[in-house]
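So in numbering that gives the first Met the number 0 the end of the sequence shown lands on 135, straight run, no missing numbers.
Scroll down for the structure; my scribbles are underneath it.
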Amino acid sequence: MHLIIQNNMTELDRVRDALTNALQGHCDRLEINRIILAVDEALSNILEHAYPPESCETVEMSVELADARITVMLKDRGNFFDPTQMTPVNTAEEARNNHDGGLGVFLFTTLMEVSHQARPNGGNILTMSRQLSPCD
């Protein structure tokens, strides 16, 4: 599966639907929800931080299902950001703080195996993968 995602948070619904459809029959609903949460958080961070608001930039998303494993690749041309190099978040402290944000990177790096690569002409390639549990 391949999607071109516009720099707009409303695109997240389309991504969630596409992932749900792609994963049905490959794993149970809980597994699907975990994957959707991880991709949603990663993509939200890209849309919010990689590009200026209201820009016409896009994110390329490809999804591969093979050997009971999902691999999601997100490619942007935005500001460099490597989530694998972030200091681990103190979840108890973040829970006490009364502000939006702060746990997205923690969520997607906990739910998926994550790697980052800088694009040669600027931007990022974020690859997330997860072994799928068998369907019930």
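Note that beta-carbon positions come from the ideal geometry of N, C-alpha and C, so glycine has one too.
Classified as exposed, Met-8 has fewer than 16 neighbouring CB atoms from the shown chains inside 10 Å of its CB. Only residues of its own chain outside the window of five on either side were considered, and among them Asn-6, Glu-56, Gly-77 have a CB closer than 6 Å to the CB of Tyr-50, listed in chain order. At least 8 Å separates the beta-carbon of Leu-36 from that of Leu-11. The Cβ neighbour count for Pro-82, taken over all protein chains shown within 10 Å, is at least 16; the residue is labelled buried. Asp-75: member of the beta strand (DSSP E) spanning 68–75, first to last residue. Counting along the chain, Glu-40 sits inside the alpha helix (DSSP H) bounded by residues 28–48. Rounded to whole angstroms, Ala-17 and Val-58 show a C-alpha spacing of 15 Å. Shown here, Glu-112 sits in a strand according to DSSP, grouped into three states.
For Leu-18, the uninterrupted alpha helix (DSSP H) run begins and ends at 10–22, by DSSP. Taking the C-beta atoms as reference points, His-1 is found no nearer than 8 Å to Leu-64. Taking C-beta separations shorter than 7 Å and ignoring five residues to either side along the sequence, the partners of Gly-121 in its chain run Arg-76, following chain order. In the three-state scheme derived from DSSP, where H, G and I count as helix and E and B as strand, Leu-131 is classed as coil.
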